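Colleague:
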């Protein structure tokens with residue numbers, strides 16, 4: 204598959220979510236186990252505010268798009284961490300794509 208097509212599709216999905224529409228994102232990785240599992244399908248929507256405990260999708264610098272939980276809010280910064288991860292990320296609201304509002308199990 205053409206990587207440029209993948210990038211354009213991904214950018215279009217992110218733009219669509221940020222405009223207030225729901226978007227569907229398949230989950231890859233294990234950083235949110237046992238809450239979420241690889242293969243789960245997430246329905247994501249953008250909101251004007253986010254709170255501690257929300258599972259969010261965000262752009263994280265060179266790593267790309269991550270799905271982690273907000274564990275603290277300090278001023279305009281959000282501290283995020285995967286349920287199965289030791290590392291904490293500090294992000295700004297502009298990096299947040301949206302919040303997970305529904306989860307469809309991928310069979311795990």
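Numbering (our numbering), first residue to last: 204 to 311.
Every residue gets a Cβ at the ideal spot worked out from N, C-alpha and C, and that includes glycine.
Only a predicted model underlies this, so the values are computations on that prediction, with no experimental measurement involved.
Over the uninterrupted beta strand (DSSP E) stretch that includes residue 229, give me the two end residues.
Modeller: Position 26 of the chain shown holds residue 229. 226-229 is the extent of the beta strand (DSSP E) around residue 229.
Colleague: Looking at the unbroken beta strand (DSSP E) that takes in residue 301, where does it start and where does it end?
Modeller: Within the chain shown, numbered from 1, the residue matching residue 301 stands at position 98. That run of the beta strand (DSSP E) goes 299-307.
Colleague: Under 8 Å by Cβ, that's how I've got residue 294 and residue 261 pegged, so tell me the actual separation to the nearest angstrom.
Modeller: Taking the chain shown and counting its residues from 1, one reaches residue 294 at position 91. Taking the chain shown and counting its residues from 1, one reaches residue 261 at position 58. Residue 294 to residue 261, Cβ: 6 Å. Contact.
Colleague: When DSSP labels each residue in this structure, what does residue 263 get in the three-state scheme?
Modeller: Locating residue 263 in the chain shown gives position 60, counting from the first residue. Here residue 263 sits in strand by DSSP.
Colleague: What whole-angstrom Cβ distance do residue 302 and residue 263 have, given they're in contact under 8 Å?
Modeller: By one-based count along the chain shown, residue 302 stands at place 99. By one-based count along the chain shown, residue 263 stands at place 60. At roughly 16 Å, the Cβ-Cβ gap does not stay under 8 Å, so residue 302 and residue 263 are not in contact.
Colleague: Nearest to residue 256 by CA position, among 220, 235, 244, 267, is which residue?
Modeller: Taking the first residue of the chain shown as 1, we reach residue 256 at position 53. Considering only alpha carbons, the answer is 235.
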